[in-house]
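According to the working numbering, the sequence shown is numbered sequentially starting from 166. Even glycine gets a Cβ: it sits at the ideal position worked out from N, Cα and C.
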Amino acid sequence: MKKIVISLGGSIVLSNTINIEFLKRFTQSIESAPSLEKCGIVVGGGSLARNYIEPMRKAGVNDYYLDRIGIRATRLNAELLMNLIKDAEKQIPESIDEAIQMWKGRKFIVMGGTTPGHTTDTVAMLLAEAEGISEFINGTSVDGVYPMDPRLNPDVKMIEKMSYTEALSLSLESYKNAGSNVFMDPVSLLIARRANIKIHVMNGNNIENYTRVIENKKIVETLIS
Ligand code: UTP
């Protein structure tokens, strides 16, 4: 039986509109995965967060307050998924401690962001660490980690395996501020390294990927360990 935490990128949950068909299929497949014992899902802000953060950044608001705006966007996206999952507390925890409490006796917990200074990747990693879960899925909109954005350079090759330290230095190169577009934020990788949590960075739009990881089957991914 598998215990896992999923960091679900906001771009998977919504593009211009809410990807409701994806959310329904995702819910159905993880709810019916026979070897899934416990699952935490932390939802990102995606375009909702960016559309709120960017104009406010231009208006001179600092990153602390931009992060707070981002957190609200992630919680709103989490609220969507929470309403689809039958065995999830019908409330979005606002801290890791609250999440651990609400998760007791339940298979699923769904949440968004917690405090400024990091992204939902870190929230998800702390949730895994707190619950003693050693496997983590980062569902992104590409197949894995690339040395640079594959949308900018289509010839760039995906990295199949990385150490925590390699991932950390790549993440630090591109992490700048609130709403930064980076494969995983550096804090989440520091937590993963200290807690020895195995990370699957994979295409989260492909529903099969989640069930294959749960069943220990091979997928196209970047494995960070
Ligand atoms: P995301 O986790 O979606 O960040 O949170 P992201 O990596 O920039 O976006 P994706 O994964 O590509 O969709 C959105 C924003 O909310 C704030 C940050 O500003 C983050 O960039 N946030 C989120 C926090 O400050 N704290 C949190 O715990 C979560």
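- Is the beta carbon of L188 sitting closer than 8 Å to the one on L246? yes
- Task: Out of G209, C204, T279, state which residue places its alpha-carbon closest to the alpha-carbon of A253.
- Result: Considering only alpha carbons, the answer is C204.
- Query: What is the residue span of the alpha helix (DSSP H) that T400 lies within?
  - Reply: A query on residue 400 cannot be resolved here, the shown segment of the chain reaching from 166 to 390 and no further.
- Message: Shorter than 7 Å, the distance from the beta carbon of N214 to the closest heavy atom of the ligand UTP, or not?
- Response: It should be pointed out that residue 214 corresponds to Ala in this sequence rather than to Asn. At least one heavy atom of the ligand UTP is nearer than 7 Å to the Cβ of A214, so yes.
- Answer yes if the segment 231-239 comes into contact with the segment 307-325, meaning at least three C-beta pairs across the two stretches below 8 Å, and no otherwise. no
- Inside the segment 260-299 only - beta strand (DSSP E) runs reaching at least 3 residues: Here the runs fully enclosed are 273-276.
- Query: Got a sec? Which residues, its chain only, sit under 7 Å from E380 by beta carbon, not counting five neighbours each side?
  - Reply: S200
- D286: buried (16+ other C-beta within 10 angstroms of its C-beta) or exposed? buried
- Determine, using beta carbons only, whether L354 and Y329 come nearer to each other than 8 Å. yes
- Is the closest heavy atom of the ligand UTP to the C-beta of P220 under 7 Å? Relative to the ligand UTP, the beta carbon of P220 is positioned no closer than 7 Å to any heavy atom.
- Task: In the DSSP assignment, find the unbroken alpha helix (DSSP H) run with K223 in it and report its ends.
- Result: Per DSSP, K223 belongs to the alpha helix (DSSP H) from 211-223.
- DSSP three-state assignment for V352, whether helix, strand or coil: helix
- Item | Under 8 Å between C-beta atoms of G309 and L173 | no
- Message: Starting from T182, trace the alpha helix (DSSP H) in both directions and tell me its first and last residue.
- Response: Neither: T182 is in no alpha helix (DSSP H) and is coded neither H nor E.
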